[in-house]
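Colleague:
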Amino acid sequence: MNYNGRMDQETLKWVETKWQQLQSKLAVEVKRMGEKIPYIPVDGRYVDMGEKNIFWWTNGFYGGILWQMYHATKDEMYKEAAINLSKRLDETLEFPNKLDHDVGFMWLHTAVANYRETGDTVARETGLRAARILADRYNPIGKFIKAWNGNRDGWVIIDCLMNLPLLYWATKETGDDEYRQIAIGHTETACKNILRKDGSTNHIVVFDVNTGEMLDNPGGQGYASGSSWSRGQSWAVYGMSLAYRHTGNEEYLNRAKLAANYFIANTAVTDFVPVIDFRAPKEPYYIDSTAGMIAACGLLELVNYVEEGEKNFYFDAAIKLIKAVEARCANWNEDEDGIIGYGSACYERSEDREVPIIYGDYYFLEAILRLLDKDIFLW
Ligand code: GLY
C-alpha cells in the first residue's frame, strides 16, 4: 500500500528525515560491524552473538536490516554483508535439534529475503530447509507448533505467529499445502487458547501433547501469568494481521483488530511509549521500545485490510507510536552502535532491559521504509 496520501506534510517530512538519519548511521555501523551478528551493544559496541550463541533467535534481524537497506539503496555493501551473515547462520541448519520455532525470524530475513531480492535458488533451498524444520515441530493432535526444546513439547507462545509466514511462503514456492495447513492449524489454536477474549494475549500456554488439552499458562517474559506482556501483544497485532493477509479469514482480521485496539488503548495512557507489561505495578517503570515499533509495523499492515472508515484510526496510531518511541528512545550518535534504545527482552532480567536491541532497529527501519514505499516485504 502507498501510505503517502495518508500522511500530512509534517509527518512526511519527519519520515524522510528519519530515513536520511538511518542511511547515515547504518552505513557507519555496517562498516564497523565486520563479521559480527549484532544483538545488543555493550559500551556502545555490538557484541558478536554469532560467537556467543549462533542459534539465538534474533540472529536473522541484522540480515533483515541489510536486505531492506540493499533493496532501498542498491548499495552492494549491504548485499555483501547480508550474504556473509548467511554463511555463518546457515551452518546451524546442520543441527536442527538445536534450533527452535524461531527459524521463521531467522530465515525469512536472510535466505528468503535473498531469494526474494535476487532470485538466488540456493537461498530458496535454504529457506525451504528452514520451513521443513518449522513444520516438523507441529503437533497434529493439539494443532500447535512447539516453541522450544528440552522437556517443553507442549509449550506454545504467542510470538510463533510471526514465524508462520515462512510456512505460507513454502507452500507458495512448492505447491505443497501441508505447510499452509500447519500454519492455519496453529493459528486456530492461538485464537482458541492463547489470545484472550478482551483482545489481550497470554505469552505462554502449555498443552497436553497427547490430548491437546490446555494445562497451564505460566508467566513468561512479562510480569506474571495472566498479565499483559507488551511485546507479546505486539506479536499478536502483527501476527494476526499477517494471518489475515495469508488466508483471507475474517476471524483473523477481527482478532488482529481486537489485539490492536487493546495495544493502542494501553499505550495511549503512557503517551505511546509502551511499558514492558501493561498489567505490571506502576513502579518500577520499565519501557519496551521494541513493542512499540513491532506494533506500529503490525498496524501499518492492518491498515491495508480494514474498512475505509477505520484506516485513519490504525494509521494515526502507528504514526503516534513510531514518533513517540523515536523521540524517547533513539540514539543518532554514529559513534555508538544501536539506534532505538530502551528495548527490553524480559521484565525480570536486567542485562537486556532498557537497552538497544537489534529487532527494535529492524522494525523501526521497516516502518520508515514502508511509509516511503521503499521496503521489501519479508513476511
Ligand atoms: N520472540 C521472543 C521475544 O519476543 O522475546
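The sequence shown begins at 218 in the numbering used here and counts up one residue at a time. Glycine included, each C-beta is placed from N, C-alpha and C at the ideal position.
(1) Does the Cβ-Cβ distance between Trp549 and Asp494 come in under 7 Å?
(2) With 16 other CB atoms within 10 Å as the buried threshold, where does Arg249 fall?
(3) Between the region 520-536 and the region 565-583, are three or more C-beta pairs nearer than 8 Å?
(4) For Gly277, which of Ile362, Trp284 and Phe322 has the nearest alpha-carbon?
(5) Among Thr327, Lys315, Gln240 and Val329, which has the Cα closest to the Cα of Lys291?
(6) Asp600: which of Ala547, Cys546, Gly515 and Arg545 sits nearest, CA to CA?
(7) If I measure Cβ to Cβ from Leu316 and keep anything under 7 Å in the same chain, skipping five residues before and after, which residues do I get?
(8) Output the distance between the C-alpha atoms of Ser417 and Asn427, rounded to the nearest integer angstrom.
(9) Return the residue from the list Pro382, His420 and Trp452 that minimises the CA-CA distance to Glu464.
(10) With DSSP collapsed to three states, give me the class of Gly429.
(11) One question on the structure: do Ile375 and Ala453 come within less than 7 Å of each other, judged by their Cβ atoms?
(12) The ligand GLY heavy atoms versus the CB of Arg448: any closer than 6 Å?
(13) Assuming contact is defined by CB atoms lying nearer than 7 Å, are Val542 and Val490 in contact in what I supplied?
(14) Can you find a heavy atom of the ligand GLY that lies under 6 Å from the Cβ of Asp393?
(15) Alpha carbon to alpha carbon, how far is Met218 from Asp590?
(16) So, for Gly437: in the same chain, excluding its five sequence neighbours on each side, which residues have a beta-carbon less than 6 Å away from its beta-carbon?
(17) For the ligand GLY, is there a heavy atom less than 6 Å away from the beta-carbon of Asp494?
Modeller: According to the structure data:
(1) Going by C-beta atoms, Trp549 is not nearer than 7 Å to Asp494.
(2) Classification of Arg249: exposed, given that the 10 Å Cβ count is below 16.
(3) Not touching, per the Cβ criterion.
(4) Checking every option, the nearest Cα to that of Gly277 belongs to Phe322.
(5) Closest by alpha carbon: Gln240.
(6) Since the first residue shown for the chain is 218 and the last is 596, residue 600 is missing from the structure and cannot be characterised.
(7) So the qualifying residues of the chain are Phe272, Thr309 and Ile350.
(8) C-alpha separation (whole angstroms): 28 Å.
(9) Looking at the sequence shown, residue 464 is not Glu but Thr. Among Pro382, His420 and Trp452, the Cα nearest to that of Thr464 belongs to Pro382.
(10) Reduced to three states, the DSSP call for Gly429 is coil.
(11) A contact, by the Cβ cut-off of 7 Å.
(12) The answer is yes for Arg448.
(13) Cβ distance < 7 Å, so Val542 and Val490 count as in contact.
(14) Result no, Cβ not under 6 Å from the ligand GLY.
(15) Answer to the nearest angstrom: the Cα atoms are 8 Å apart.
(16) Cβ neighbours of Gly437 beyond the five flanking positions: His420 and Ile421.
(17) No, the ligand GLY has no heavy atom inside 6 Å of this Cβ.
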